[in-house]
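Asks:
Numbering (my numbering), first residue to last: 145 to 736.
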């Protein structure tokens, strides 16, 4: 029984299953012996875990289980493999395996909590050991009752779920948002959807002010974005030469003949020929609005904004209202997003964090995270980083080549972990002491030594904390070069910067399982994790963006002190349009 749960055949079962050599090679395992040499070939249950998981992901294990229905252990070879110690120590009716997906954390914890409560109740109060030996289906019946009680309690808990709005699934989140007239945006993560749902009452209560839109961006994790609102301007058409030495600019007044009901004719201003209507974009929080000419950069033509909007009804009522109402400008429902970030900071973050994961491959390969959108299995930070690089290359039509030739590399940005920090600290102190003896002052700000920390990575938090150290060290060295008036001090800081903040391409980083160098990131991914490589190979380019955003959001959550990990695709039209749908909904609520 325990061997079966561990994905191993029975002790008396010597007729092992051997997948074809061609299939194994396709999924990254090179068999060293001929196909018929079963005495030396590797059977299915002894294959490496990454190969087995790739076969399971491709559906091969289900097919082979159908071919060998009596070999029940095949069902437990992959993700459902249970360690023998775990199964042996488990209590009666205890759950050994329960699939967990991102976004279902509340359901996962609730189900396990109520199941354990029900199990404790039945095993301590109801279960009768004598009945267990007397009736064949007694244990099965008790298991069914435990499960039934669990489901009943989960359903009863739904009333609390509704009050707290921590719904289990995306379908309910969608229905809830749409019932309030708030669009459901597919590209948002489950966490972002939950944040909207749980705060919807507060957002609707504050809908009359512009602050609500900044609150929405903050909830969704896009607080670095800036918002623009568009006001509709009614302005006299002007005539004259603005470039003349003495400008003669005058407003245009065009009149038309109007016949009254009694047949009398009189003149009145023709608004369609006298006024220009156009939109002006201003900061969302701006109250003192400065109107600009229709030719200004932040002015937009009337048709340019309204033509593509099916909800802007250009009928006689609207035309009359615009023509007959006296106004300089009026608020409209239109809003837009401006993404203003320092590209230098963004590049520093993405490059140095990536290098941190790659250069410390022996440690970061042991830190596991889940990517439920990809698989039920966990992956290491190193595998996910290389997977991300491959996705970015495919999305941007780039070959995932690893540049190795010295002639192609000027310098590689990244903290140089190969340097002997202890030796450098000693050299800094010695140089500083000698400089101080001659010049009477310090060469370095010795607070610099606080950044010399040992790099140990056991958790994502360790990675985050060391990245913060690298970021602060870079800022410290840059500030020292920027503020000094002594060229020798500048060169001292510059030398230290080049020593610590520029690394080298290391052949040990990119190598296959045989120790040979690899020259492409997709080949490196294949060596690291055959399941991720297989997923990447099947993925169409058009689908890469969703997974890039998904992983970037995952990284931004794991590494809490990063600012731009969630903005790898800053110009992603799908993401921007999704945000605009939400923001325009609330912007409409602020307008009469």
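Ideal placement from N, C-alpha and C gives every residue a C-beta, glycine not left out.
From a predicted model like this one, the values you see are computed outputs, not experimental measurements.
(1) Closest to residue 596 by CA distance: which of 320, 572, 603 is it?
(2) Quick one: grab the DSSP three-state call for residue 602.
(3) Flag this pair as yes or no: are the beta carbons of residue 626 and residue 644 separated by less than 8 Å?
(4) Is residue 443 helix, strand or coil by DSSP?
(5) Among all the DSSP beta bridges, which residues are the ones paired with residue 394?
(6) Any idea what DSSP makes of residue 179, helix, strand or coil?
(7) What residues in its chain sit with their C-beta under 6 Å from that of residue 379, if we drop five residues either side in the sequence?
(8) Closest by CA to residue 683, which one among 603, 582, 673, 518?
(9) Residue 663 and residue 533: beta carbons closer than 8 Å?
(10) Find the nearest neighbour of residue 506 within the set 457, 602, 462, judged by alpha-carbon distance.
(11) Distance check for residue 206 and residue 213, CA to CA, integer angstroms please.
(12) Less than 8 Å between the C-beta atoms of residue 112 and residue 398, yes or no?
(13) Taking the beta strand (DSSP E) that residue 411 falls in, what are its first and last residues?
(14) Between the C-alpha atoms of residue 176 and residue 188, what's the straight-line distance to the nearest angstrom?
(15) In terms of residue numbering, what span does the beta strand (DSSP E) encompassing residue 513 cover?
(16) Where are the alpha helix (DSSP H) runs, 4 residues long or more, that stay fully inside the segment 188 to 215, in chain order?
(17) What does the alpha-carbon distance come out to for the pair residue 466 and residue 304?
(18) Could you check which residue in 179, 183, 619, 190 has the C-alpha nearest to that of residue 151?
(19) Going by CA-CA distance only, name the one from 173, 372, 647, 510 that's closest to residue 433.
(20) Counting pairs of Cβ atoms below 8 Å between the segment 447 to 465 and the segment 342 to 361, do you hit three or more?
(21) Could you give the distance in angstroms between the alpha-carbon of residue 165 and the alpha-carbon of residue 522?
(22) Decide if residue 406 is buried, meaning its Cβ has at least 16 other Cβ atoms within 10 Å, or exposed.
(23) State the start and end residues of the unbroken alpha helix (DSSP H) segment that holds residue 237.
(24) For residue 285, count the other beta carbons within 10 Å of its own beta carbon; 16 or more makes it buried, fewer makes it exposed. Which is it?
(25) As an exercise, report each continuous alpha helix (DSSP H) stretch of at least 4 residues that is fully enclosed by the segment 287 to 347, in chain order.
(26) Which one or two residues does DSSP pair with residue 425 in a beta bridge?
(27) How about residue 604 and residue 473: are their beta carbons less than 8 Å apart?
(28) How would you call residue 582, buried or exposed, if buried means at least 16 neighbouring beta carbons within 10 angstroms?
(29) Less than 6 Å between C-beta atoms, sequence neighbours within five positions excluded: which residues of the same chain meet that for residue 241?
(30) Classify residue 332 as buried or exposed, calling it buried when 16 or more other Cβ atoms lie within 10 Å of its own Cβ.
(31) Quick one: measure Cβ to Cβ for residue 449 and residue 423, integer angstroms, because I've assumed they're closer than 8 Å.
(32) Taking DSSP's pairing of strands, which residues face residue 721 in a bridge?
(33) Determine the direct distance from the alpha carbon of residue 170 to that of residue 696, and round the result to whole angstroms.
(34) Return the Cβ separation of residue 665 and residue 530 in integer angstroms, given the expectation that the two are a contact with Cβ distance under 8 Å.
(35) Look at residue 497 and residue 654 and say whether their C-beta atoms are less than 8 Å apart.
(36) Kindly indicate the opening and closing residues of the beta strand (DSSP E) around residue 400.
Replies: Quick look at the numbers:
(1) As a working mapping, residue 596 is identified with position 452 in the chain shown. Closest by alpha carbon: 572.
(2) Taking the first residue of the chain shown as position 1, residue 602 is located at position 458. Assigned with DSSP and collapsed to three states, residue 602 falls in coil, not helix or strand.
(3) Along the chain shown, one-based indexing puts residue 626 at 482. Along the chain shown, one-based indexing puts residue 644 at 500. Not a contact, by the Cβ cut-off of 8 Å.
(4) The residue labelled residue 443 in the question sits at position 299 within the chain shown. Here residue 443 sits in strand by DSSP.
(5) Residue 394 sits at position 250 when you count from the first residue of the chain shown. According to the DSSP secondary-structure assignment, residue 394 is paired through a beta bridge with 383.
(6) For the purposes of this step, residue 179 is taken as residue 35 along the chain shown, with counting starting at 1. Reduced to three states, the DSSP call for residue 179 is coil.
(7) Residue numbering aside, residue 379 sits at position 235 when the chain shown is read from its first letter. So the list reads 420, once near-sequence residues are dropped.
(8) Indexing the chain shown from 1 puts residue 683 at position 539. Relative to residue 683, the option among 603, 582, 673, 518 whose CA is nearest is 518.
(9) Position 519 of the chain shown holds residue 663. Position 389 of the chain shown holds residue 533. Taking 8 Å as the Cβ cut-off, residue 663 and residue 533 do not qualify as a contacting pair.
(10) Here residue 506 refers to the residue found at position 362 of the chain shown. The option with the nearest alpha carbon to residue 506 is 602.
(11) As a first step, residue 213 is located in the chain shown; it is residue number 69 there, counting from the start. As a first step, residue 206 is located in the chain shown; it is residue number 62 there, counting from the start. In this structure, the alpha-carbon of residue 213 lies about 10 Å from that of residue 206.
(12) The chain is shown only over 145 to 736; residue 112 falls outside these bounds and no answer can be derived.
(13) In the chain shown, counting from the first residue as 1, residue 411 sits at position 267. It spans 409 to 413 - the beta strand (DSSP E) in which residue 411 sits, taken as one unbroken run.
(14) Position 32 of the chain shown, counted from the start, is the residue given in the question as residue 176. Position 44 of the chain shown, counted from the start, is the residue given in the question as residue 188. In a straight line, the C-alpha of residue 176 is about 15 Å away from that of residue 188.
(15) Along the chain shown, read from residue 1 onward, the residue named residue 513 stands at position 369. Per DSSP, residue 513 belongs to the beta strand (DSSP E) from 512 to 514.
(16) Runs of the alpha helix (DSSP H) inside the segment 188 to 215: 193 to 201, 204 to 211.
(17) Counting from one through the chain shown, the residue named residue 466 turns up at place 322. Counting from one through the chain shown, the residue named residue 304 turns up at place 160. Rounded to the nearest angstrom, the two C-alpha atoms are 50 Å apart.
(18) As a position in the chain shown, residue 151 is number 7, starting the count at 1. The shortest C-alpha separation from residue 151 is found at 190.
(19) Here residue 433 refers to the residue found at position 289 of the chain shown. Closest option to residue 433, Cα to Cα, is 372.
(20) Short answer: they don't touch.
(21) Taking the first residue of the chain shown as position 1, residue 165 is located at position 21. Taking the first residue of the chain shown as position 1, residue 522 is located at position 378. Taking the straight line from one Cα to the other gives about 27 Å.
(22) Here residue 406 refers to the residue found at position 262 of the chain shown. Its Cβ having fewer than 16 others within 10 Å, residue 406 is exposed.
(23) Numbered from its first residue, the chain shown carries residue 237 at position 93. Neither: residue 237 is in no alpha helix (DSSP H) and is coded neither H nor E.
(24) Position 141 of the chain shown, counted from the first residue, corresponds to residue 285. In the assembly as shown, residue 285 is an exposed residue. Its beta-carbon has fewer than 16 other beta-carbons within 10 Å.
(25) The segment 287 to 347 contains these whole alpha helix (DSSP H) runs: 302 to 308, 314 to 323, 334 to 342.
(26) Residue numbering aside, residue 425 sits at position 281 when the chain shown is read from its first letter. Residue 425 is bridged to 374.
(27) The residue given as residue 604 occupies position 460 in the chain shown. The residue given as residue 473 occupies position 329 in the chain shown. Inclusion of residue 604 and residue 473 in the CB contact set at 8 Å is not warranted, their separation being larger than that value.
(28) Within the chain shown, numbered from 1, the residue matching residue 582 stands at position 438. It counts as exposed.
(29) Reading the chain shown from its first residue, position 97 is the one you call residue 241. Taken in chain order, the residues that qualify are 224.
(30) Walking along the chain shown from the start, residue 332 turns up at place 188. Under this definition residue 332 is a buried residue.
(31) As a first step, residue 449 must be located in the chain shown, where it is residue number 305. As a first step, residue 423 must be located in the chain shown, where it is residue number 279. About 5 Å; that satisfies the 8 Å criterion.
(32) One-based indexing of the chain shown puts residue 721 at position 577. Partner(s): none; residue 721 has no beta bridge.
(33) For the purposes of this step, residue 696 is taken as residue 552 along the chain shown, with counting starting at 1. For the purposes of this step, residue 170 is taken as residue 26 along the chain shown, with counting starting at 1. So the alpha carbons of these two residues sit roughly 29 Å apart.
(34) Here residue 665 refers to the residue found at position 521 when the chain shown is read from its first residue. Here residue 530 refers to the residue found at position 386 when the chain shown is read from its first residue. Rounded, the Cβ-Cβ distance is 6 Å, consistent with contact.
(35) Translated into the one-based positions of the chain shown, residue 497 becomes position 353. Translated into the one-based positions of the chain shown, residue 654 becomes position 510. Contact flag unset, no.
(36) Here residue 400 refers to the residue found at position 256 when the chain shown is read from its first residue. Here the beta strand (DSSP E) through residue 400 covers 399 to 403.
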